[in-house]
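Each residue of the sequence shown is one higher than the one before, starting from 973 at the first, in my numbering. Backbone N, C-alpha and C fix where the C-beta goes; we use that ideal spot for every residue, glycine too. Here's the structure we're looking at; comments come further down.
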Amino acid sequence: MSYANDVLQHVIERNPGEPEFHQAAREVLESLAPLVDKNPVYHKNGILERIVEPDRAIMFRVPWIDDSGHIKVNKGYRVQFNNAIGPYKGGLRLHPSVNLGILKFLGFEQIFKNSLTGLPIGGAKGGSDFDPKGKSDTEVMSFCQSFMTELYRYVGKDMDVPAGDIGVGAREIGFMFGQYKRITGLYEGFITGKGLPYGGSLARKEATGYGLVYLMEELLASKGMDFQDKRVVVSGSGNVAIYAHEKATQLGGKVVAMCDSNGWIYDEEGVDLDAVKQIKEVERKRIKEYLNYRPKAEYHEDGSIWDVPCDIALPSATQNELCAEYAKVLIKNGVVAVGEGANMPCTHGAVAAFQSAGVMFVPGKAANAGGVATSALEMTQNSMRLSWTFAEVDQKLKQIMINILRNTSTTAEKYGFKGNFVAGANIAGFMKVADAMLAHGLV
Ligand code: NDP
973 MSYANDVLQH VIERNPGEPE FHQAAREVLE SLAPLVDKNP VYHKNGILER
1023 IVEPDRAIMF RVPWIDDSGH IKVNKGYRVQ FNNAIGPYKG GLRLHPSVNL
1073 GILKFLGFEQ IFKNSLTGLP IGGAKGGSDF DPKGKSDTEV MSFCQSFMTE
1123 LYRYVGKDMD VPAGDIGVGA REIGFMFGQY KRITGLYEGF ITGKGLPYGG
1173 SLARKEATGY GLVYLMEELL ASKGMDFQDK RVVVSGSGNV AIYAHEKATQ
1223 LGGKVVAMCD SNGWIYDEEG VDLDAVKQIK EVERKRIKEY LNYRPKAEYH
1273 EDGSIWDVPC DIALPSATQN ELCAEYAKVL IKNGVVAVGE GANMPCTHGA
1323 VAAFQSAGVM FVPGKAANAG GVATSALEMT QNSMRLSWTF AEVDQKLKQI
1373 MINILRNTST TAEKYGFKGN FVAGANIAGF MKVADAMLAH GLV
């Protein structure tokens, strides 16, 4: 058995009940097999055994009080996976599905994604099974303050810098920043995605969605294509999806479908983004409200958003939302390119189907790296105590995404995986981290 395969079997045996983590580890280790077989130094130094084990995983109780005076208790987590190339960095997710296995998958992916940005940031992820949906602002504040009362011990601008993710937007980051400042007395950029008046970066809110589309634009250009008049389906209607829609539309594309976890909308005229922003960013309501703005559009709770024919698919909701069966429908309907806005939204079977059908497919660790890259630019601005303009940040973001695509593509070709962006991203992301680990000795 090859070294990479051997380590994968150990991951599966030693981390029972964590299917998403197994899935992420399998994808990375399968890509790395040829590289590590050719370079025994990685095996000799146990790099794979070490990279699949988090540096530490912190779990804690988060007690808070609801509006009726009842005490509630949630689980809080921070998985600090690897800091070989910089301080830990990765978002906080607040969603009832959160558990240790999901955060390990996300933290593991984050190591390679952060490395691909070319910036000095390590990999981590955290969060809680708390559901902010349907909670009042006071309840969310009570939870965030309690969460940070424990987490503050483990984070800091040079140690571990969290950010937003599903369920964590400007409101939650503001409450967490306030509590950290109150407890520590420090005014520092220990978290990114901050509001503009207190250290946030222009273009951070837009960065993941814009970055995704910049990367796909570069990919299409490599085949003599562009977004002009292309039909685009973007799943989700959260931070990533909204700004992917915005940039794709600016480039001439037409986004015809979006969704939330209850259902999906189809608008042949092109989904009205102002309406989606009003429903999701302002009113925090369900996507079905869209029919109040565009009565001729359709809303469905059955079927799948992936039944909608499109040229470009940008799955931007959550993990494993697009399975092999949906991939086959997309292929039959003529999809030419798929870019993962979310983390691991396509199952292993879906990725294989796209690749064997010749559909251009870019995995999340490359395609959605614009968010964390811009978070790192926020850290830089905080350290400099300066703020760049929107245009400066946006231009740096675009260049980073172009570099990621080129690096991924040339690495894939160099190691015999021409056109396979999954393998290219895994190998390119791994090499920088592994070489830093070799330099640091056995730690
Ligand atoms: P948000 O919470 O802002 O939005 C998530 C969206 O996905 C919501 O519209 C949500 O609907 C929908 N959704 C969640 N689960 C499902 C489901 N099972 N089926 C259909 N729709 C669903 O999160 P983000 O936009 O920030 O994150 C989306 C993805 O992108 C995640 O995988 C995240 O890890 C990844 N990501 C985010 C980055 C960022 O900067 N924000 C950076 C890199 C990756 P509902 O409201 O009903 O729950």
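{"Check": "Sub-8 Å separation of residue 1099 and residue 1123 beta-carbons", "Outcome": "no"}
{"Check": "Exposure label - residue 1363; buried when at least 16 CB within 10 Å", "Outcome": "exposed"}
{"Check": "Proximity of residue 1056 and residue 1094 at Cβ, strictly below 8 Å", "Outcome": "yes"}
{"Check": "Beta-carbon proximity check, residue 1324 vs residue 1280, cutoff 8 Å", "Outcome": "no"}
{"Check": "Ranges of the alpha helix (DSSP H) found wholly within the region 1021–1103, counting only runs of at least 4", "Outcome": "1072–1088"}
{"Check": "Closest by C-alpha distance to residue 1073, when choosing among 996, 1116, 1013", "Outcome": "996"}
{"Check": "Residue 1140 and residue 1063 closer than 8 Å at C-beta", "Outcome": "yes"}
{"Check": "Beta-carbon gap between residue 1147 and residue 1077 smaller than 8 Å", "Outcome": "no"}
{"Check": "Through-space distance from residue 1304 to residue 1263, alpha-carbon basis", "Outcome": "29 Å"}
{"Check": "First and last residue of the uninterrupted beta strand (DSSP E) at residue 1125", "Outcome": "No beta strand (DSSP E) contains residue 1125, which DSSP labels as neither H nor E."}
{"Check": "Residue 1042 burial status per 10 Å Cβ neighbour count (16 or more: buried)", "Outcome": "exposed"}
{"Check": "Runs of alpha helix (DSSP H) lying entirely within the region 1261–1343, each at least 4 residues, in chain order", "Outcome": "1262–1265, 1296–1304, 1320–1328, 1336–1339"}
{"Check": "Paired residues, beta bridge with residue 973 - DSSP", "Outcome": "Answer by DSSP bridge pairing: none, since residue 973 is not bridged."}
{"Check": "Own chain, CB closer than 8 Å to residue 1221, minus 5 neighbours either side, in chain order", "Outcome": "1227, 1242, 1245"}
{"Check": "Residues bridged to residue 1203 [DSSP beta-bridge criterion]", "Outcome": "1226"}
{"Check": "The region 1190–1210 contacting the region 1301–1319, beta-carbon criterion three pairs below 8 Å", "Outcome": "yes"}
{"Check": "Whole-Å CB distance - residue 1165 paired with residue 1176, under 8 Å assumed", "Outcome": "6 Å"}
{"Check": "heavy atom of ligand 1 below 7 Å from residue 1250 C-beta", "Outcome": "no"}
{"Check": "Where residue 1132 falls: helix, strand or coil (DSSP)", "Outcome": "strand"}
{"Check": "Residue 1083 CB to nearest heavy atom of ligand 1 below 7 Å", "Outcome": "no"}
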